[in-house]
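Report on the structure given below.
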Amino acid sequence: MLQISEIEGYYVAIEYQLESENQYIYNGVNYRLYLLALKEDQWVIIQISHIPIHRMIEEGNGFGTSEEKIILKIQKGRECTGEFINPKGEIIKIEK
2 MLQISEIEGY YVAIEYQLES ENQYIYNGVN YRLYLLALKE DQWVIIQISH
52 IPIHRMIEEG NGFGTSEEKI ILKIQKGREC TGEFINPKGE IIKIEK
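Going by our numbering, the first residue of the sequence shown is number 2, and it counts up by one from there.
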């Protein structure tokens, strides 16, 4: 078993141009939380998660971009409707 000596978290914004969107990833800026661990003197990704953007903003860790505000509205809408919407306002088909 590898020994973990340190863990770091990073809130990241990655812009994608995809052929096909789904409920996990869409065209435009996607926001994720990356957790990295230091294992035997090398940083490795141990988890990539969707993150409730409102928590990052509330804690003062948001980017403050217009894209982040759009995704915040999308996340709040999904809580109410259950629909996955892309930044253009189009419904994304859920893959099973």
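Just so you know, even glycine gets a beta-carbon here, dropped at the ideal spot from N, CA and C.
Specify, as a first and last residue, the run of the alpha helix (DSSP H) that residue i falls within.
i      : result
Leu-67 : The displayed chain sequence assigns Ser, not Leu, to residue 67. First-last of the alpha helix (DSSP H) with Ser-67: 67 to 82.
Ile-54 : 54 to 59
Go ahead and label residue i buried or exposed: buried means 16 or more other beta carbons lie within 10 angstroms of its beta carbon, across all protein chains shown.
i      : result
Glu-22 : buried
Tyr-17 : exposed
Ile-8  : exposed
Starting from residue i, trace the beta strand (DSSP E) in both directions and tell me its first and last residue.
i      : result
Leu-37 : 29 to 40
Ser-50 : 43 to 51
Residues in the same chain with beta-carbon distance under 8 Å from residue i, minus the five sequence neighbours each way, listed in chain order, please.
i      : result
Gln-76 : Pro-53, Ile-54, His-55
Glu-68 : Ala-14, Gly-29, Val-30, Pro-88
Under 7 Å between C-beta atoms, does residue i make it to chain C?
i      : result
Glu-68 : No chain C is present in this structure, which holds just one protein chain.
Inter-stretch contact at 8 Å, needing at least 3 Cβ pairs: the segment 65 to 74 / the segment 25 to 34 | Short answer: they touch.
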